[in-house]
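Chains as they are written, first to last, in this note's numbering: chain A, 15 to 371; chain B, 15 to 371. C-beta: ideal position from N, C-alpha, C; glycine also.
Number of protein chains: 2
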Amino acid sequence: MAVDTHITDAHAALLARFRDGVPIALARAISVVENERPGFQAFLHAVLAEGPESARIGVTGPPGAGKSSLVAEIATAFRKNEEHIGIVAVDPTSPYSGGALLGDRIRMNDLATDPRIFIRSMATRGSLGGLATTTKEVVDLMDAFRFDRVLIETVGVGQTELEITAAADTVVVVLVPESGDGIQAMKAGLMEIADVFVVNKADRPGADRLLKEIRQAMHLRAGTALKNVPAHHGADLSRVVKKERSTEPEPVDGGWAVPVLKTVAQTGEGVPDLLEAIDGHRAWLIESGELENRRRARARVRVRDVVERELRRVAWRSEVVGERLEGGLDAIVAGEATPYSVAADVLDAVLGRGATG
Amino acid sequence: MAVDTHITDAHAALLARFRDGVPIALARAISVVENERPGFQAFLHAVLAEGPESARIGVTGPPGAGKSSLVAEIATAFRKNEEHIGIVAVDPTSPYSGGALLGDRIRMNDLATDPRIFIRSMATRGSLGGLATTTKEVVDLMDAFRFDRVLIETVGVGQTELEITAAADTVVVVLVPESGDGIQAMKAGLMEIADVFVVNKADRPGADRLLKEIRQAMHLRAGTALKNVPAHHGADLSRVVKKERSTEPEPVDGGWAVPVLKTVAQTGEGVPDLLEAIDGHRAWLIESGELENRRRARARVRVRDVVERELRRVAWRSEVVGERLEGGLDAIVAGEATPYSVAADVLDAVLGRGATG
C-alpha cells in the first residue's frame, strides 16, 4: 500500500509509448498524474528512474508583467535552434482575476501549432500555498519526456512564486515599472529565488529607476549575505537558494552574479541578452556543482510532499477514523469535547494506537 | 504525545487571567498560539472547552476594495452599543503587493486606541492555500475571550477568501465597481460563501451595473441550486455553505436571501443597512439551526487541520525518518532511487512498518 512503486500493465504500455516520444502519451501521462489516477505514483517512479536532464527555466512575476509574452519569445528563440520545448503555465484560480489571466494566454497560443512545442496550462486549484505537488510532477513528466528545455510560468500571488525553485533550475523574475518598488520586492524573498532579474515593458517610464533599485537592493543584500554563507551541500531548499551573490557583472568567489536586464517582450528587445543570461546560468550550475545541490534539494521537497500527501490519504480513508471523527464532532457540538481532544483520538487511530476516549 | 490536552502550570496561570478578561493575557495567548509554543494545543483545548459564543463576521474581497475602512466603520458602529469588538486582519505576504496592503491599515489604526477594541494583524506566511490553521486558532481565542463580535478581514488572493467560512459565521463579500464583473466573481465560488454582498465605493461609475450583475448571477444560480439542495446536517463545509438561495429580498423556504448592498465606507453611506443585514443574518443562523451546522462543519475542518499538522510533525521529527530520508536523497542523486521509492520507505518508518529497502 502506501506509495505503490509497482506499475500496472496499462501504465507499462503507456510508458513504452511515452519513452518513444509520442506526444499523445505525454498528454495521457499528464492526465493520469493530474487526476491522481490509481497507480500514478508508480508511473512517476518508473518515469523518473532515469533522472532529470532538461534545462528547467522558471519565469515568475506579478500579474500583468508580460510573463506569457516573454515565455513565448524565449520558446520561439530556442525553437530556432531546433530544440524541443515544453511549457507549463500555472494559473492561479483567483475569484477576482481569473478572466484577466486567461487573456494573457492568447499570445502563447501562437506557439500551440508548433509540433516541437508542447504547452500545458494548469490551474493551481487552491493547493498548498505554493506549487501543487501535481504541478511539479507534471514538470517532471515534461523533463522525462526529454524536452531540451522546460519553461515553467507561474503568476506571483501569495507564495506561489517562491516555490518555483522546487520545480526550476533557473529562475527568471519578471517585474515591470508599474509593479512597485524594487526594495519591496527584495524584502519579500524574490531576491533569494531570482537567478536572473528582468524589467519587462522597459520602454515605459520608471524602468531605469526600478533597475537601479533592484541593483541597489542586491548590493545591500550581498554585503550581509557574504558574511553568512552556509555550506550548500545537503542544505534544504531555502538555504540552497540563498547563495552568495554579487552586484558586479562577473561571478565572485564562484558565486553567480545575478544579471538585471531590461526587455520589451512585445518587440523582442533585450530577449537575446536574456537568452544569454539563461544559458550562462545553466553553464554555471553545471560547473559549480550547484545543479546537483538544487536537484537534491528538490528531491527533498518532493519526498516531503509525497509523504504528506500519502499521510493525509491514509488518515482519512480509514473507517475507524471516520467513526471517531463523526462521534467526536457530535461531542464537540454537545460541548463535551474540543477539536483538540478529537484530533488526539483520531491520531491514535491513524497511528495504530489504542483509543484514549 | 501527539496532541497533548494536558495544560502546563504556566499556561494554567495564563488561562486564569485570560478568563478574567485581561487584554494582555489575550495578547500573550495569541503569541503562544501564533508561535506554536510547546503546549499551545493543550491551552486551546482548555480555552475552547466552553464553546463558541461571539458573532463571527468575515469580511473579504479583492485588494483595494476598502475592506479595512468598512471593517472600521462596522466596528465603530457596534462600539456605540457598548459592545466589545475583536478584529483579526489577515495580510497575505505577497512579495509584490505587501506595501500597498499595509497602507490600507492606516484607517483602522484610528480604532487602536479604543480600549474596547482589540486589533490583531496577522501575516499569512505562505500557509496552506487558505487561512492558516493558527489564524483560525487566533479567531477562536478572540471568541473565547468573549468579545461580542469578532471581525475577520481577509484579502482575496487565490483561495484565502474561500476559507473564510472556516472561521466566520457570517461572510460579507466586498466588491468595487473596478473589481471586474459580477459574473466572473460568481463563477469563482464567491457566491457560495457570501451571506451578504457589498458593492463598496458605490459613488463610482459602474456600481449599479455591478449590483445588477451580482443579482442576475445569483438569480441564475438560485434556479439551478434549488433543484439540488442537499440535506445540510453533517455535510462538510463546502456543502454546508452551498445553501438554498433566493434573489428575492425575503427568505424563501427557510433559506437566507443574500442581500446585495451599496456602501461608501469613506462617508459611512449604506453602513446602517449593512449592519442590519449582518444582524439579520445572525438571527437567521440561530433560528434556522444553520449556526449549529456551520459550527459543526468548522469543527470538522479544525480536526482535519490539527490532525494533519500533527502528522507532519510526527513524520519529520523522528531520527529513523531523518536517516532514511538522507540516505534516500543520496540514492536519488546517484540514480538508484526516485522520490517515490524513498517516500514509500519513509512512510513505512512513520507508520511503524518494517523497512522495505
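Minimum Cα-Cα distance from residue 77 of chain B among the listed residues B/319, B/191, B/301 corresponds to B/191. Residues of the same chain with a CB within less than 7 Å of the CB of residue 280 of chain A, apart from the 5 flanking positions on each side, are 83 in chain order.
Identification of chain B residues near residue 20 of chain A by a Cβ-Cβ cut-off of 7 Å yields none; the smallest Cβ-Cβ distance measures about 10 Å. Against chain B, a Cβ distance below 7 Å from residue 17 of chain A picks out 354, 357, 358, 361.
For residue 63 of chain A, at least one C-beta of chain B is nearer than 8 Å to its own C-beta. By the CB criterion at 8 Å, residue 80 of chain B and residue 213 of chain B fall outside the cutoff. By the rule that beta-carbons nearer than 8 Å mark a contact, residue 333 of chain A does not touch chain B. Counting only runs of 3+ residues, the beta strand (DSSP E) found wholly inside the stretch 37 to 77 of chain B occupies 69 to 75, in chain order. The Cβ atoms of residue 133 of chain A and residue 153 of chain A lie no closer than 8 Å to each other.
The stretch 287 to 307 of chain B and the stretch 318 to 337 of chain B do not touch, with fewer than 3 CB-CB distances between them shorter than 8 Å. Judged by DSSP secondary structure, residue 135 of chain B falls within the beta strand (DSSP E) whose first and last residues are 131 to 137.
Distance between residue 311 of chain A and residue 128 of chain B, taken at the CA atoms: about 49 Å. In this model, residue 313 of chain A and residue 92 of chain A are separated by some 27 Å (Cα to Cα). Cβ contact annotation for residue 53 of chain A (same chain, cutoff 6 Å, sequence separation greater than five): 22, 25, in chain order. Under DSSP, residue 210 of chain A takes part in a beta bridge, and its partners are A/186. With a threshold of 8 Å between beta carbons, residue 59 of chain A makes contact with chain B. Across the set B/47, B/182, B/359, the C-alpha of B/182 shows the shortest separation from the C-alpha of residue 74 of chain B. Contacts with chain B at 8 Å (Cβ-Cβ) include residue 317 of chain A. Residue 366 of chain A and residue 137 of chain B have their C-alpha atoms roughly 36 Å apart. Between residue 358 of chain A and residue 17 of chain B, the beta carbon gap of about 4 Å places them in contact (Cβ cut-off 8 Å).
With a threshold of 8 Å between beta carbons, residue 326 of chain A makes contact with chain B. Put simply, of A/42, A/48, A/135 the residue whose alpha carbon is nearest the alpha carbon of residue 85 of chain A is A/135. Positions of the beta strand (DSSP E) runs, each at least 3 residues long and wholly inside the stretch 316 to 371 of chain B, cannot be given because no such run exists.
In summary, residue 87 of chain B is buried, with 16 or more beta-carbon neighbours lying within 10 Å of its beta-carbon over all protein chains present.
Counting only residues of its own chain and dropping the five nearest sequence neighbours on each side, residue 145 of chain B has a CB closer than 8 Å to the CB of 104, 138, 168, 174, 177, 178, 180, 181. For residue 276 of chain B, there is no enclosing alpha helix (DSSP H); the residue is found in the beta strand (DSSP E) stretching over 274 to 276. Scanning A/364, A/356, A/363 for the CA closest to the CA of residue 63 of chain B turns up A/356.
Near chain B, meaning a CB-to-CB distance below 7 Å, the residues of the stretch 290 to 321 of chain A are 306, 309, 310, 313, 314, 316, 317, 320, 321. Out of B/210, B/47, B/215, the CA that lies nearest to the CA of residue 59 of chain B is found in B/47. Beta-bridge annotation (DSSP): residue 103 of chain A is paired with A/135, A/167. By the beta-carbon neighbour count (other beta carbons within 10 angstroms, threshold 16), residue 163 of chain B is buried.
Residue 40 of chain B has its alpha-carbon roughly 52 Å from the corresponding atom of residue 65 of chain A. Burial state of residue 186 of chain B is buried, judged by a 10 Å Cβ sphere holding 16 or more other Cβ atoms. Residue pairing of residue 283 of chain A in beta bridges, as defined by DSSP: A/278. Less than 8 Å separates the beta-carbon of residue 360 of chain B from that of residue 339 of chain B.
Distances from the CA of residue 29 of chain A to each of A/158, A/282, A/278, A/220 were compared; the closest alpha carbon is that of A/158.
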